[in-house]
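S.K.: As numbered in the working numbering, residues 1 to 220 make up the sequence shown, in order.
Using N, Cα and C, we set each Cβ at its ideal position, and we do this for glycine too.
Remember, it's a predicted structure, so these values are computed and weren't measured experimentally.
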Amino acid sequence: MIFSRKRAGAGRHTRDERSTEVLDEGTGGSTPALVRGPYDISEVDDEVQRLDLGSLHIPAVAEVEVRVQADPQGVVQQVVLVHGDNALQLGVFAAPRSEGIWDEVREEIRQSLLRDGATAEEVDGEYGPELHARVTTPDGPTHLRFVGVDGPRWMVRGVFQGPVAIDPASAGPLAECLDGLVVDRGQEAKPVREPLPLRLPREVADQAEEASAASESRQV
Numbered sequence: 001m002i003f004s005r006k007r008a009g010a011g012r013h014t015r016d017e018r019s020t021e022v023l024d025e026g027t028g029g030s031t032p033a034l035v036r037g038p039y040d041i042s043e044v045d046d047e048v049q050r051l052d053l054g055s056l057h058i059p060a061v062a063e064v065e066v067r068v069q070a071d072p073q074g075v076v077q078q079v080v081l082v083h084g085d086n087a088l089q090l091g092v093f094a095a096p097r098s099e100g101i102w103d104e105v106r107e108e109i110r111q112s113l114l115r116d117g118a119t120a121e122e123v124d125g126e127y128g129p130e131l132h133a134r135v136t137t138p139d140g141p142t143h144l145r146f147v148g149v150d151g152p153r154w155m156v157r158g159v160f161q162g163p164v165a166i167d168p169a170s171a172g173p174l175a176e177c178l179d180g181l182v183v184d185r186g187q188e189a190k191p192v193r194e195p196l197p198l199r200l201p202r203e204v205a206d207q208a209e210e211a212s213a214a215s216e217s218r219q220v
């Protein structure tokens with residue numbers, strides 16, 4: 001299922017790392033202002049149009065397709081953003097209140113890649129420590145770039161594929177999507193690293209169910 005938006009238009013990301021100081025004219029002091037996401041839903045109060053997938057709210061960015069794989073119940077299994085030859089796969093996971101998990105997750109990914117015969121190098125990128133990997137697929141060698149952002153009780157993992165995996169500066173609209181991403185963690189207790197629930201928007205799920213029912217009736 002594809003959603004298309006065509007309107008015009010450190011490792012550990014702590015609040016301090018994503019903030020700049022803004023002068024408060026009323027008090028003469030300064031307060032931190034977030035300059036890039038992903039954001040927690042408690043941090044956002046804007047008019048940006050976003051696709052609500054439950055735990056992830058994805059901003060509508062010109063020429064970026066949101067490709068969603070979901071089961072018959074509307075539970076989303078995979079989210080991939082596509083722009084030209086570049087793609088960004090997104091995942092969001094539960095994390096403890098006290099600390100982030102990207103450092104540990106990143107090392108586990110690196111070890112897994114090495115066991116599979118891939119190459120994996122840790123690089124200090126724009127989101128902090130990230131992994132640049134080269135894997136072998138049936139279509140030949142493929143480059144991947146893993147980034148992670150720790151938030152309050154959640155972690156977002158992004159996997160860039162295509163030319164952007166080698167040249168981060170070419171991310172363009174995909175970077176805009178990641179920087180404008182909003183996470184709705186909810187208050188329910190969840191095991192650390194458990195994927196946070198993603199779902200199709202209600203109207204889209206209803207349309208999918210109607211199409212499935214119509215297809216089954218034609219086959220009877």
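What do you get for residue 133, buried or exposed, if any count of 16 or more other CB atoms within 10 angstroms of its CB means buried?
M.R.: On the sequence shown, position 133 is the one that residue 133 refers to. With 16 or more other Cβ atoms within 10 Å, it is buried.
S.K.: Residue 95 to residue 73, Cα distance in whole Å?
M.R.: Indexing the sequence shown from 1 puts residue 95 at position 95. Indexing the sequence shown from 1 puts residue 73 at position 73. Using only the alpha carbons, I get a separation of about 26 Å.
S.K.: Roughly how many whole angstroms lie between the Cα atoms of residue 202 and residue 117?
M.R.: In the sequence shown, the residue the question calls residue 202 occupies position 202. In the sequence shown, the residue the question calls residue 117 occupies position 117. In a straight line, the C-alpha of residue 202 is about 42 Å away from that of residue 117.
S.K.: Return the residue from the list 105, 142, 40, 138 that minimises the CA-CA distance to residue 119.
M.R.: For the purposes of this step, residue 119 is taken as the residue at position 119 of the sequence shown. Taking only the C-alpha atoms, the option nearest residue 119 is 142.
S.K.: On the DSSP bridge assignment, give the partners of residue 39 in chain order.
M.R.: Position 39 of the sequence shown holds residue 39. Looking at the DSSP assignment, residue 39 forms a beta bridge with 182.
S.K.: DSSP on residue 166, reduced to helix/strand/coil?
M.R.: Counting from one through the sequence shown, the residue named residue 166 turns up at place 166. Looking at residue 166 - three-state DSSP - the assignment turns out to be coil, as it is neither helix nor strand.
S.K.: Alpha carbon to alpha carbon, what distance is there between residue 165 and residue 65?
M.R.: Working through the sequence shown from its first residue, we reach residue 65 at position 65. Working through the sequence shown from its first residue, we reach residue 165 at position 165. Cα to Cα, residue 65 sits roughly 18 Å from residue 165.
S.K.: Are the CB atoms of residue 153 and residue 75 within a distance shorter than 9 Å?
M.R.: Counting from one through the sequence shown, the residue named residue 75 turns up at place 75. Counting from one through the sequence shown, the residue named residue 153 turns up at place 153. Taking 9 Å as the Cβ cut-off, residue 75 and residue 153 do not qualify as a contacting pair.
S.K.: Which whole-angstrom value describes the C-beta separation of residue 106 and residue 148, a residue pair presumed to lie in contact below a C-beta threshold of 8 Å?
M.R.: What you label residue 106 is simply residue 106 of the sequence shown in a count that begins at 1. What you label residue 148 is simply residue 148 of the sequence shown in a count that begins at 1. With a Cβ gap of about 6 Å, residue 106 and residue 148 count as contacting.
S.K.: Taking C-alpha atoms, which residue in 189, 100, 182 lies nearest to residue 155?
M.R.: Start at 1 with the first residue of the sequence shown, and residue 155 comes out as number 155. Ranking 189, 100, 182 by Cα distance to residue 155 puts 100 first.
S.K.: Just the Cα atoms here: how many angstroms apart are residue 69 and residue 87?
M.R.: Mapped onto the sequence shown, residue 69 falls at position 69. Mapped onto the sequence shown, residue 87 falls at position 87. The C-alpha of residue 87 is placed about 15 Å away from the C-alpha of residue 69.
S.K.: Can you list, in chain order, the residues of its chain with a C-beta nearer than 6 Å to that of residue 113? Leave out the 5 residues immediately preceding and following it.
M.R.: Translated into positions along the sequence shown, residue 113 becomes position 113. Within the same chain, residue 113 has close Cβ partners 120, 133.
S.K.: Quick one: residues in its chain with C-beta nearer than 6 Å to the C-beta of residue 255, no 5 flanking neighbours on either side, listed in chain order?
M.R.: Residue 255 lies beyond the stretch modelled for the chain, which goes from 1 to 220, so this question has no answer here.
S.K.: Assuming residue 59 contacts residue 151 under a Cβ cut-off of 8 Å, what Cβ separation, rounded to an integer in Å, is found between them?
M.R.: Reading the sequence shown from its first residue, position 59 is the one you call residue 59. Reading the sequence shown from its first residue, position 151 is the one you call residue 151. With a Cβ gap of about 16 Å, residue 59 and residue 151 do not count as contacting.
S.K.: For residue 224, name the three-state secondary structure that DSSP assigns.
M.R.: In the structure as shown, the chain starts at 1 and stops at 220, and residue 224 therefore has no counterpart that could be examined.
S.K.: Cα-Cα, which of 183, 173, 162 is closest to residue 139?
M.R.: The count along the sequence shown starts at 1 and reaches residue 139 at position 139. The residue with the shortest Cα to Cα distance from residue 139 is 162.
S.K.: Which same chain residues, not among the five before or five after residue 267, have their C-beta less than 7 Å away from its C-beta?
M.R.: Residue 267 is absent from the structure shown; the chain starts at 1 and stops at 220.
S.K.: Between the alpha carbons of residue 67 and residue 43, how many angstroms are there, rounded?
M.R.: Translated into positions along the sequence shown, residue 67 becomes position 67. Translated into positions along the sequence shown, residue 43 becomes position 43. The alpha-carbon atoms of residue 67 and residue 43 are separated by roughly 26 Å.
S.K.: State the beta-bridge partners of residue 120 as determined by DSSP.
M.R.: On the sequence shown, position 120 is the one that residue 120 refers to. DSSP, once it has assigned bridges, lists 133 as partnering residue 120.
S.K.: In terms of residue numbering, what span does the alpha helix (DSSP H) encompassing residue 105 cover?
M.R.: For the purposes of this step, residue 105 is identified with residue 105 of the sequence shown, where counting begins at 1. It spans 102-115 - the alpha helix (DSSP H) in which residue 105 sits, taken as one unbroken run.
S.K.: Rounded to whole angstroms, what is the Cα-Cα separation between residue 53 and residue 98?
M.R.: Numbered from its first residue, the sequence shown carries residue 53 at position 53. Numbered from its first residue, the sequence shown carries residue 98 at position 98. So the two alpha carbons sit approximately 26 Å from each other.
S.K.: At the level of alpha carbons, what is the spacing between residue 122 and residue 131?
M.R.: Within the sequence shown, residue 122 is the residue found at index 122, counting from 1. Within the sequence shown, residue 131 is the residue found at index 131, counting from 1. Approximately 5 Å, taken between the alpha carbons.
S.K.: In chain order, what residues of the same chain have a beta carbon less than 6 Å from the beta carbon of residue 41, not counting five sequence neighbours either side?
M.R.: The sequence position of residue 41 within the sequence shown is 41, counting from 1. Counting only Cβ-Cβ distances below 6 Å, and skipping sequence neighbours, we find 182, 184.
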